[in-house]
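A quick write-up on the structure given underneath.
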Amino acid sequence: MPPPPPRVLNAGAKITRFIHTLRDVTAGHLKPAAFEPGSDGTTSIAEISGLAEPVVWQMARLTLGTAPPRDKVVGRADLLAGDAQNHGLRAIRDDLGFTGHGCLEGWGRDPMERRVHWKRIASELCDAAQWVPADPPITA
Amino acid sequence: MMPTAPPKRITADWTQVPDHAQSSEARNLRGLLAAQREHQRQRTVFADLNALWNEARTDDWAGRPGKALMPGAFWQAEAFLEAVQMLAPPPALTVDNSGAVELDWILARRHRISISISASGEIIYTFRIGDDRFGSGAERFHGVLPPRLAELIAEVTSAPTSATGA
């Protein structure tokens with residue numbers, strides 16, 4: 002059975018971004034680099050609305066790879082889909098790879114402006130996000 | 005036989021003694037010690053930059069899709085850190101998805117400045133100081149701190165953060 006079609010999450014949906022290196026965190030605060038999009042113009046997230054903590058960390062295991070630093074999850078950045086919407090982004094749930102997977106899209110692609118624009122939005126997401134450390138880190 | 009407790013080590017932090025209770029020699033010594041401590045703290049950030057170079061030498065090094073740290077960005081960041089070291093405490097370092105070095109001074113939620121410096125010396129920055137003051141922009145680094153950035157870094161790292169929450 003194919004995954005359901007992607008859908009835009011409501012503002013109240015709780016989402017998270019799993020973090021694989023403590024380089025993306027300082028003194029309990031996320032850094033903008035943690036949220037900036039990759040070359041495909043999106044940032045991977047997962048919807049965790051209504052999920053219990055152990056289930057969320059179980060979901061984190063599904064993001065693991067084999068090579069460092071992808072072989073562990075050191076924590077996560079929780080926020081609401083509405084926090085992303087406030088800055089012109091859309092939180093999409095696509096269930097690609099695992100149930101709950103999604104992405105933040107709508108970062109804009111104007112090559113002249115996008116680095117400043119991305120950095121500003123990513124910084125705002127950092128302020129909205131709640132850092133939740135994995136203690137101990139999640140491994141396979 | 006009961007083990008004896010190790011002798012208590014008595015230490016004194018002379019930097020805490022008020023000025024009026026010290027001789028001028030002691031004051032000079034206190035200043036030298038403080039300068040040495042600050043120098044040591046600043047050296048640590050250059051060691052951290054070297055460590056970052058070793059960590060971020062391949063694409064996707066942080067577990068997110070992104071470019072490796074570019075050699076030119078490393079050297080630009082080192083020069084930037086040299087330029088900023090007398091102005092502010094050392095920043096936290098990472099590499100953003102473009103392969104630029106990101107320097108972050110994040111003192112609290114909504115009290116931060118983040119600066120990315122690329123191999124070409126292009127600087128992208130964003131800051132927020134409380135609820136009302138925020139902004140972003142681009143500058144060019146030629147070995148000297150752009151005045152606007154110097155002002156912002158000094159303001160972020162010296163302003164009280166109690167009103168902004170953590």
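Residue numbers (our numbering), protein chains in the order written: chain R, 2 to 141; chain S, 5 to 170.
Yeah, the Cβ is synthetic: ideal placement off N, Cα and C, and Gly gets one too.
Within 7 Å: the Cβ of S/V160 and any heavy atom of the ligand NAD?
The ligand NAD is absent from the structure shown, which contains no ligand whatsoever.
By Cβ distance below 6 Å, which residues in the same chain neighbour R/F99 in space, the five residues on each side in sequence not counted?
Sequence index remark: in the first sequence, residue 99 of chain R carries index 98 (1-based). The residues are L63.
Does the separation of the CB atoms of R/L10 and R/G76 fall below 8 Å?
Translated into positions along the first sequence, residue 10 of chain R becomes position 9. Translated into positions along the first sequence, residue 76 of chain R becomes position 75. In this structure, R/G76 does not lie closer than 8 Å to R/L10 by Cβ.
According to a CB-to-CB cut-off of less than 7 Å, which residues of the segment 15 to 27 of chain R neighbour chain S?
Within the segment 15 to 27 of chain R, the residues whose Cβ lies closer than 7 Å to some Cβ of chain S are H21, T22, R24, D25 and T27, listed in chain order.
Looking only at its chain, what residues have a beta carbon closer than 7 Å to the beta carbon of S/W57, apart from the 5 residues adjacent to it on each side?
On the second sequence, position 53 is the one that residue 57 of chain S refers to. The residues are L73 and F78.
To the nearest angstrom, report how far apart S/A104 and R/P134 are at their CA atoms.
Position 100 of the second sequence, counted from the start, is the residue given in the question as residue 104 of chain S. Position 133 of the first sequence, counted from the start, is the residue given in the question as residue 134 of chain R. Approximately 26 Å between the Cα atoms of the pair.
Is it the case that the Cβ atoms of S/I127 and S/F138 are separated by a distance below 8 Å?
Reading the second sequence from its first residue, position 123 is the one you call residue 127 of chain S. Reading the second sequence from its first residue, position 134 is the one you call residue 138 of chain S. Taking 8 Å as the Cβ cut-off, S/I127 and S/F138 do not qualify as a contacting pair.
I need the straight-line Cα distance from S/G169 to S/A112, nearest angstrom please.
As a working mapping, residue 169 of chain S is identified with position 165 in the second sequence. As a working mapping, residue 112 of chain S is identified with position 108 in the second sequence. Confidence in S/G169 is poor, its pLDDT being 37 and thus under 50, which makes the residue's placement too unreliable to answer from.
I'd like to know if the segment 73 to 91 of chain R and the segment 18 to 25 of chain R are in contact, where contact means that at least 3 CB-CB pairs between them fall below 8 Å.
As far as the Cβ criterion goes, the segment 73 to 91 of chain R touches the segment 18 to 25 of chain R, which means the pair count is three or higher.
Beta carbon of R/C127, beta carbon of R/L31: below 8 Å?
For the purposes of this step, residue 127 of chain R is taken as residue 126 along the first sequence, with counting starting at 1. For the purposes of this step, residue 31 of chain R is taken as residue 30 along the first sequence, with counting starting at 1. Yes, these two residues count as a Cβ contact at 8 Å.
Could you give the C-beta distance for S/S140 and R/R121, rounded to a whole number, given that I count them as a contact under 8 Å?
Translated into positions along the second sequence, residue 140 of chain S becomes position 136. Translated into positions along the first sequence, residue 121 of chain R becomes position 120. Indeed they touch by this definition, with Cβ atoms about 4 Å apart.
Just verifying my parser: in three-state terms, what is the DSSP assignment at S/A81?
The residue labelled residue 81 of chain S in the question sits at position 77 within the second sequence. In this structure, S/A81 counts as helix in the three-state DSSP scheme.
Just tell me which of S/L156, S/L153, S/P95 and S/G147 has its CA closest to the CA of S/S124.
Within the second sequence, the letter at position 120 stands for residue 124 of chain S. Closest by alpha carbon: S/G147.
Quick check: what's the CA-CA separation for S/S166 versus R/Q59?
As a working note, residue 166 of chain S is residue 162 in the second sequence. As a working note, residue 59 of chain R is residue 58 in the first sequence. Its pLDDT being 48, under 50, S/S166 is placed unreliably in this model, and the coordinates cannot settle the point.
Please classify R/D84: is it buried, with 16 or more other beta-carbons within 10 angstroms of its beta-carbon, or exposed?
Residue mapping note: residue 84 of chain R aligns to position 83 of the first sequence, counting from 1. The residue is buried, with at least 16 neighbouring Cβ atoms inside 10 Å.
Please confirm whether S/I121 has its beta-carbon closer than 8 Å to some beta-carbon of chain R.
On the second sequence, residue 121 of chain S is found 117 positions in, with the first residue counted as 1. Chain R contact via Cβ: absent.
Should R/R71 be flagged as near chain S, meaning a C-beta pair shorter than 8 Å?
Against the first sequence, residue 71 of chain R aligns to sequence position 70. Output row for R/R71: interface = yes.
With which residues is S/D108 paired in a DSSP beta bridge?
Numbered from its first residue, the second sequence carries residue 108 of chain S at position 104. S/A96 and S/S118, per the DSSP bridge assignment.
Which of the three DSSP states is assigned to R/E37 in this structure?
Position 36 of the first sequence, counted from the start, is the residue given in the question as residue 37 of chain R. Residue state, collapsed to three classes: coil.
What's the call for R/T27, buried or exposed, on a 16-neighbour Cβ count within 10 Å?
For the purposes of this step, residue 27 of chain R is identified with residue 26 of the first sequence, where counting begins at 1. Buried, since its Cβ has 16 or more Cβ neighbours within 10 Å.
How would you label S/D135, buried or exposed, when you count the other beta carbons within 10 angstroms and need 16 or more for buried?
Position 131 of the second sequence holds residue 135 of chain S. Classification of S/D135: exposed, given that the 10 Å Cβ count is below 16.
For R/G101, count neighbouring C-beta atoms within 10 Å of its own C-beta (all shown protein chains included) and say buried if the count is 16 or more, exposed if not.
Counting from 1 along the first sequence, the entry for residue 101 of chain R is found at position 100. With 16 or more Cβ atoms within 10 Å of its Cβ, R/G101 is classed as buried.
For a test of the three-state rule: what should DSSP assign to R/R8, helix, strand or coil?
Against the first sequence, residue 8 of chain R aligns to sequence position 7. Reduced to three states, the DSSP call for R/R8 is strand.
Would you grab the beta carbon distance between S/Y129 and S/E143 for me? Rounded to a whole angstrom, and I think it's under 8 Å.
Translated into the one-based positions of the second sequence, residue 129 of chain S becomes position 125. Translated into the one-based positions of the second sequence, residue 143 of chain S becomes position 139. Going by Cβ atoms, the distance from S/Y129 to S/E143 rounds to 7 Å, so yes, they are a contact pair.
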